[in-house]
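Residue numbers (UniProt numbering), protein chains in the order written: chain A, 1 to 214; chain B, 1 to 214.
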DNA sequence: TCCAGTCCGGACAGTAAGTCCAAGTGAGGT
DNA sequence: ACCTCACTTGGACTTACTGTCCGGACTGGA
């Protein structure tokens, strides 16, 4: 991963662990460059994104805005690569033990993947899905009356006059519709059928017995 | 931004530009820690994400796996913060001009923002939810898990780590979906949320109070 | 009228739904 | 390291609902 002009250079030896660590952390999306500021050359480079190598002129104007007498840390500022990729960059002036500037570290982070992801997210998020979350049948009692009503109409006889078999049939349908999974279902059904709670339970027990038997 | 025990420490003076540059580049999502490996202490820290400060023991086991005689760069490896944030971390052994290990730099990058984005993208891209939309959902527990699941995915955080507000939100959605009209709904939801029945009832009461007040 | 079949309402037991509280837990502050 | 506060939890407890049982009442037919 590391490409350096001269690993024997004490500056490279000293700074390469830090540079390499950062390059590792940011995976393929960042390059780390160690510059010789005085000679405007690249000392070493990790994850190169351009074709630069050690010994090449630094280019990119990475060192233009540095003023070691003022500050040591610059950025993040934006840079544009020839192919249009946008970079976020920081630079740090590195000093030797006497406090003299000896090198400059630049980290160039390619933001295009994140920009793309951001755009994608923004595009999807904006016209926000109007909640296709289809809900349950909110009013299940409605459904109870519907089922009973249509049966009564088909049978041509009011609920009060339904015979035993009829009620068994209706209860079967209601059960298939999942009505009895709801709380308070039996009293409601009993009311709608104009029958007593006891009767409904008795009929349901009968159905269950039949169902299990068959 | 920088918090250091003793800026006069030559190691801090020497390494802080590099550390600060990295901290700046990665914005609020990364902390950079400079350790005194020999004494297992923090020398300086940028963008602290935990409560550690200079002079504190290093903790976090950041220095456990280091072996300066072998390599200088470690990682990226994954670490887990107490609050559930997942970190990508790298460490570098920093040496003085004689080549003696003098400090260790650790960069801890919080990946939850990216995880969340990734989760969201995955949620959109994936076959979403193949919605077997029946008129009457026979298997309402299925729906419970679907709703909780999609929320967890959007939130990018496992169900165990959902905060109070998150759970209130989920319960609101479940309620809108009519889940609590079913028998045995609360125990099922409590199980799916990895919370106790009591807690679910408490949160539901809170929602009801809010809803009536407004 | 009597019988058979059914239904009713109420009593009752069992199970689930809610409420309440003391104790435990964990994050944040000092 | 300790305290505090907010929250969670399991369990005890109350209330509501579910399901069963039975005596009495109604109905239609012999």
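Every residue, glycine too, gets a C-beta built ideally from N, C-alpha and C.
Treat the numbers as computed from the prediction; the structure is a model and nothing was measured.
Short Cβ contact (7 Å threshold) for residue i with residue j
| i | j | result |
| --- | --- | --- |
| residue 90 of chain A | residue 24 of chain B | yes |
| residue 147 of chain A | residue 192 of chain A | no |
| residue 30 of chain B | residue 94 of chain B | no |
| residue 168 of chain B | residue 204 of chain B | no |
| residue 42 of chain B | residue 28 of chain B | no |
| residue 182 of chain B | residue 181 of chain A | yes |
| residue 194 of chain B | residue 159 of chain B | yes |
| residue 97 of chain A | residue 97 of chain B | yes |
Bridge partners - residue i, DSSP secondary structure assignment
| i | result |
| --- | --- |
| residue 94 of chain A | A:103 |
| residue 31 of chain B | B:108 |
| residue 201 of chain A | DSSP, once it has assigned bridges, lists no residue as partnering residue 201 of chain A. |
| residue 208 of chain A | Answer is none; residue 208 of chain A lacks a bridge partner. |
| residue 87 of chain A | A:79, A:110 |
| residue 180 of chain A | Note: residue 180 of chain A sits in no beta bridge, so no partner. |
| residue 73 of chain A | A:92 |
Burial state of residue i, where buried means 16 or more other Cβ atoms lie within 10 Å
| i | result |
| --- | --- |
| residue 185 of chain B | buried |
| residue 164 of chain A | exposed |
| residue 16 of chain A | buried |
| residue 75 of chain B | buried |
| residue 143 of chain B | buried |
| residue 178 of chain B | buried |
| residue 100 of chain A | exposed |
| residue 20 of chain A | buried |
| residue 44 of chain B | buried |
| residue 128 of chain B | No answer about residue 128 of chain B holds up, because its pLDDT of 35 lies below 50 and its placement is not dependable. |
| residue 254 of chain B | Summary: the structure shown does not reach residue 254 of chain B, with chain B confined to residues 1 through 214, and so no result is reported for it. |
| residue 125 of chain A | Per-residue confidence for residue 125 of chain A stands at a pLDDT of 40, beneath the threshold of 50, marking its modelled position as unreliable; the derived number appears in the next sentence. By the 10 Å Cβ count, residue 125 of chain A comes out exposed. |
Same chain, Cβ closer than 6 Å to residue i, neighbours up to 5 away in sequence not counted
| i | result |
| --- | --- |
| residue 79 of chain A | 87, 89 |
| residue 49 of chain B | 31 |
| residue 131 of chain A | Because the pLDDT at residue 131 of chain A is just 32, under 50, the model does not fix this residue reliably, and the value given afterwards should be weighed accordingly. There are no such residues. |
| residue 141 of chain A | 188 |
| residue 14 of chain B | none |
Sequence-distant residues of its chain with Cβ nearer than 7 Å to residue i (five each side left out)
| i | result |
| --- | --- |
| residue 77 of chain A | 89 |
| residue 112 of chain A | 85, 86 |
| residue 176 of chain A | none |
| residue 72 of chain A | 92, 93 |
| residue 135 of chain A | Residue placement at residue 135 of chain A is poorly supported in this model, since its pLDDT is 40, which falls under 50; the coordinates still yield a value, given next. Hits under 7 Å: none found. |
| residue 166 of chain B | 155 |
| residue 9 of chain A | 43 |
| residue 26 of chain B | 109 |
Contact test: residue i Cβ vs the ligand MN heavy atom, cutoff 6 Å
| i | result |
| --- | --- |
| residue 100 of chain A | Looking at this structure, you won't find the ligand MN or any other ligand, since it has none at all. |
Spatial neighbours of residue i in its chain, beta-carbon cut-off 8 Å, leaving aside the 5 residues before and after
| i | result |
| --- | --- |
| residue 190 of chain A | 196, 197, 199, 200 |
| residue 170 of chain B | 147, 148, 151, 162, 193 |
| residue 173 of chain A | 147, 151 |
| residue 206 of chain B | 168 |
| residue 145 of chain B | 192 |
| residue 210 of chain B | none |
Given 8 Å, three or more beta-carbon pairs between the region 94 to 110 of chain A and the region 30 to 41 of chain A:
yes
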